[in-house]
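Participant: Have a look at the structure that comes next, please.
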Amino acid sequence: MTEIPEIMEVSSAAQYSALGHPLRLRVLFALGEQPATISQLAASLGSRKGNIAHHLAVLREAGLVRHSHTRQVRGGTEQYFSRTARRLHFVGEQAGAQSAAALKVVAEEIGQAAPDPFLVLRHVRLTREQVDSITAALAHLVEGIEEAPEGSPRFGVLLGVYEPSASRSPADRETSDE
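Residue numbers (the working numbering): -5 to 172.
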C-alpha cells in the first residue's frame, strides 16, 4: 500500500458537495483508521452495502477516497478503500458551512461516546497575535500525537479557535459580507 499525504485542501464545489451528506463524513471518519471494504463499512456504520457503495462512489469521484488494494476471498475479490489524505483542510467560501456540517457528525459521535468526554468551550477576548500563537500551539500538539499500537482504542481529538459572528462589530460584519 502506498503512503497517503498528510493534508488535502478541500476547495472545489464537487468536494464540498460530496461532503454534504452526514453518512459520507462518517465514511471518511471510519476510513481514518485503516482501509476497509464496503461490507466492513456497512457493518461498522450500521448501513446497507448498496448505500455505502453509492456514497463511496461520490467520495471517490470527488477525489476524497481511493481504491486502496484488493484481496482474493473464497473465489471473489474484496476491494479496499482508503482516504486520499489523512486530514482535510477546508478552504474557500464554503469552508465555514462544511466545518459546521462536520461538527454535527462529531456531535453525534460525542453524544454516543463513553461517559464523561472531555470538552471545554470558552469565549475569551484575544488579539490576532494571541490567536495565531494558540492556533500554532494547538496544531503542534495534535500533529505531535503518536499513534498507539494497533488494537488500542481510538479517540477523537477536536481543536479549534474561531471568532463567533456575534462578537464582531456591525461595521466588521458589513465589511466581510461584501
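A virtual CB, placed ideally from N, CA and C, is assigned to each residue, including glycine.
Is DSSP giving Ala56 helix, strand or coil here?
Facilitator: coil
Participant: Quick one: using the 10 Å Cβ neighbour count with 16 as the cut-off for buried, is Gly21 buried or exposed?
Facilitator: Note that residue 21 corresponds to Val in the displayed sequence, not to Gly. Buried, because 16 or more other Cβ atoms sit within 10 Å of the Cβ of Val21.
Participant: Between Val136 and chain B, is there a C-beta pair that is closer than 8 angstroms?
Facilitator: Considering every chain present, this structure includes no chain B. It has just one protein chain.
Participant: In chain order, what residues of the same chain have a beta carbon less than 8 angstroms from the beta carbon of Glu(-3), not counting five sequence neighbours either side?
Facilitator: none
Participant: Taking the continuous beta strand (DSSP E) assigned at Arg77, which residues delimit it?
Facilitator: Gly70 to Arg77
Participant: Is the beta carbon of Gln9 sitting closer than 8 angstroms to the one on Ala51?
Facilitator: no
Participant: What do you get for His83, buried or exposed, if any count of 16 or more other CB atoms within 10 angstroms of its CB means buried?
Facilitator: exposed
Participant: May I ask you to report which of helix, strand or coil DSSP gives Phe23?
Facilitator: Helix, per DSSP.
Participant: Kindly indicate which three-state DSSP category Val114 falls into: helix, strand or coil?
Facilitator: The answer is coil: DSSP assigns Val114 none of H, G, I, E or B.
Participant: When you compare the stretch -2 to 5 with the stretch 79 to 95, are there three or more beta-carbon pairs, one atom per stretch, that lie closer than 8 angstroms?
Facilitator: yes
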